[in-house]
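Structure, as structure tokens:
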Amino acid sequence: MEPMAPPVQKRRPMAEINVVPYIDVMLVLLIIFMVTAPMLVQSVPVDLPQVDATPTEIEPDDNTIIISVNAQGTYFIERGEEQPEAMILDDVQDYARKISAQVPDTKLLIRGDERVPYGKVVVLMGSLQAIGIQNVGLITEAPDPQASR
């Protein structure tokens, strides 16, 4: 008589999902958002005029300088995380000239407060074009659809 072999135990499939890798990815994303969120805050308070226009897509890695003009007509150059300092027009021109000499395809965008005299923004645009910078744009906000109701 043959000895009986022990019964073969079949492995049951594991029906649980291992969530530890997902938690790790979530924590990494949380840290990335926490680090980048302060950089997205505008540093100079400006009430932009509201205009119906097609938005222009600007990639964050583009060579872009934002020049702000607050309600008092003071110029600021926003350079990332630094707190912008008030500048006179000659200093803005010098800075823009140096940057455009190093990186010719630099885009200059002007954020003008809606209460600033129109002439301040025009003088800034003219002075930038006078030093040879042709790539100048204006930043506006889309009108709030709730406000028109």
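To get this note's numbering, take the position in the sequence shown, counting from 1, and add 883. Just so you know, even glycine gets a beta-carbon here, dropped at the ideal spot from N, CA and C. All values reported here derive from a predicted model rather than from experimental measurement.
Check: In three-state terms, what does DSSP make of glycine 995?
Finding: Indexing the sequence shown from 1 puts residue 995 at position 112. In the three-state DSSP reduction, glycine 995 falls in the strand class (E or B).
Note to self: Restricting to Cα atoms, I'd like to know which of Met917, Tyr958, Tyr978, Val999 is closest to threonine 989.
What the structure shows: As a first step, residue 989 must be located in the sequence shown, where it is residue number 106. Checked all of Met917, Tyr958, Tyr978, Val999; the closest Cα to threonine 989 is Tyr978.
Margin query: Using a Cβ distance threshold of 8 angstroms, determine whether the segment 951-960 contacts the segment 1001-1020, with at least three qualifying pairs required.
Written below: Yes, since at least three Cβ pairs between the segment 951-960 and the segment 1001-1020 fall closer than 8 angstroms, the two stretches touch.
Check: Alpha carbon to alpha carbon, what distance is there between asparagine 901 and valine 986?
Finding: Taking the sequence shown and counting its residues from 1, one reaches residue 986 at position 103. Taking the sequence shown and counting its residues from 1, one reaches residue 901 at position 18. In this structure, the straight-line span from the alpha carbon of valine 986 to that of asparagine 901 is close to 49 angstroms.
Item checked: Inter-residue spacing [alpha-carbon to alpha-carbon] between valine 1019 and leucine 1011 -> Looking up residue 1019 in the sequence shown gives position 136. Looking up residue 1011 in the sequence shown gives position 128. Approximately 8 angstroms, taken between the alpha carbons.
Margin query: I'd like the list of long-range same chain contacts for methionine 1008, defined as Cβ closer than 6 angstroms, with 5 residues on each side in sequence excluded.
Written below: Counting from 1 along the sequence shown, the entry for residue 1008 is found at position 125. Closer than 6 angstroms at the Cβ level, and outside the excluded window around methionine 1008, lie Val1019.
Notebook entry, point to check: DSSP on lysine 893, reduced to helix/strand/coil?
Noted result: The residue you call residue 893 lines up with position 10 of the sequence shown. Three-state result, lysine 893: coil.
Margin query: Helix, strand or coil for glycine 1002? Go by DSSP, reduced to three states.
Written below: Translated into the one-based positions of the sequence shown, residue 1002 becomes position 119. The answer is helix: DSSP assigns glycine 1002 an H, G or I state.
Next item on the list: Rounded to whole angstroms, what's the CA-CA distance from isoleucine 1014 to alanine 1025? Just pull it up for me.
Entry: The sequence position of residue 1014 within the sequence shown is 131, counting from 1. The sequence position of residue 1025 within the sequence shown is 142, counting from 1. Spanning the two alpha carbons is a distance of roughly 31 angstroms.
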